[in-house]
Amino acid sequence: MISLKAMLPESNTQNSKAFPQLFSGMLAIAIALVGSAYLAGNALRSLRSNDNLTVIGSSTRPIRSDFVIWRSSVSSQQATLPLAYQELKRHSDKVQAYFKSKNIPNDAITLSAIDTQPIPETNSNGAQTGRTIAYRLVQRFEIRSKDVDAITAIARSSTDLINDGLPFISEPAEYLYTELGKLRVDMISEATKDAKSRGEAILNVSGSRLGTIRKAETDVFQITARYSTEVSNSGAYNTTTIDKDIRAVVAITFAVE
15 MISLKAMLPE SNTQNSKAFP QLFSGMLAIA IALVGSAYLA GNALRSLRSN
65 DNLTVIGSST RPIRSDFVIW RSSVSSQQAT LPLAYQELKR HSDKVQAYFK
115 SKNIPNDAIT LSAIDTQPIP ETNSNGAQTG RTIAYRLVQR FEIRSKDVDA
165 ITAIARSSTD LINDGLPFIS EPAEYLYTEL GKLRVDMISE ATKDAKSRGE
215 AILNVSGSRL GTIRKAETDV FQITARYSTE VSNSGAYNTT TIDKDIRAVV
265 AITFAVE
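If you count the sequence shown from 1, position 210 lands on 224 in the working numbering, and the numbers rise without skipping.
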């Protein structure tokens with residue numbers, strides 16, 4: 015008797031056995047492909063979420079000094095201390111009378127302690143002999159005021175004292191701005207907005223957009239004469255001019271979405 019199994023072609027028998035194995039292999043490949051796509055998508059999203067853009071922003075404002083410090087001095091040199099002091103007192107009284115005539119309040123004027131400098135005798139070789147031949151006394155004045163224009167005008171006209179024969183020395187006035195604390199906060203805010211605007215302009219070309227701020231750093235403030243290009247790594251603070259510019263610079267790092 016011939017078996018039906020024997021009559022079947024051998025190749026068909028092998029294919030029927032191989033089909034479940036082939037299906038299992040294709041299923042495994044499909045799962046692997048889906049998994050790879052998922053992982054690749056996550057990796058891409060992770061990569062994009064880690065993209066950063068650092069932008070420099072700045073803010074500049076004109077300011078006008080609201081406080082002035084003016085220093086000056088008179089001196090006397092005589093053979094003895096009493097004579098030097100008496101002369102210095104006459105000089106000092108004339109200077110203070112001048113200040114009073116210009117309506118400078120007494121509480122705006124500070125007199126330093128008198129500086130005494132002995133003048134030693136020297137021989138023909140330049141060596142000191144140990145004797146004192148004179149004394150030089152110096153009286154210094156300091157005026158601090160919020161009336162910037164008035165004190166500036168007085169400092170300029172103080173040459174009248176020199177014309178009167180006084181050994182009067184006037185130092186350049188120092189001009190300060192007393193509201194820097196409040197102004198710094200506003201300027202950092204403006205500089206940050208400027209950085210954001212610059213960043214948006216850069217990313218608009220690529221179709222991306224700015225995300226959250228990841229890091230913010232502020233540079234030192236630069237206070238310079240009006241229209242000056244002066245910059246200092248430690249920060250500039252010009253005190254020689256009444257009108258100034260103050261500049262704030264920030265570096266902002268944004269996430270890119």
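Quick reminder that beta carbons are idealized off the backbone N, C-alpha and C, glycines included.
Just verifying my parser: in three-state terms, what is the DSSP assignment at Ile66?
First, the residue type needs correcting, since residue 66 is Asn and not Ile in the sequence shown. Looking at Asn66 - three-state DSSP - the assignment turns out to be strand.
Beta-carbon separation (whole angstroms), Ala122 vs Arg158, contact threshold 8 Å
6 Å
Rounded straight-line distance, which links the Cα of Val199 to that of Gly225
23 Å
Please report the straight-line C-alpha distance between Ile227 and Ala167, rounded to a whole angstrom.
49 Å
Quick one: Cα of Gly195 to Cα of Val245, how far?
20 Å
Whole-number beta carbon distance between Ala262 and Ser73, since they are thought to touch under 8 Å:
5 Å
Please report the distance separating the alpha-carbon of Val69 from that of Ser79.
31 Å
If you draw a straight line from the alpha carbon of Arg223 to that of Glu214, how long is it in whole angstroms?
7 Å
Report yes if the C-beta distance between Tyr1 and Ile83 is below 7 Å; otherwise report no.
Because the chain spans 15 through 271 in this model, residue 1 falls outside it and cannot be assessed.
Let's test the definition: count the other Cβ atoms within 10 Å of the Cβ of Met40 and tell me whether it reaches 16, buried, or not, exposed.
With a pLDDT of 44 at Met40, under the threshold of 50, the predicted position of this residue should be treated as unreliable, though the coordinate-derived value follows. Exposed is the call here.
Using DSSP with H/G/I as helix, E/B as strand and the rest coil, what is Arg154?
strand
Consult DSSP for Pro119 and reduce its assignment to one of helix, strand or coil.
coil
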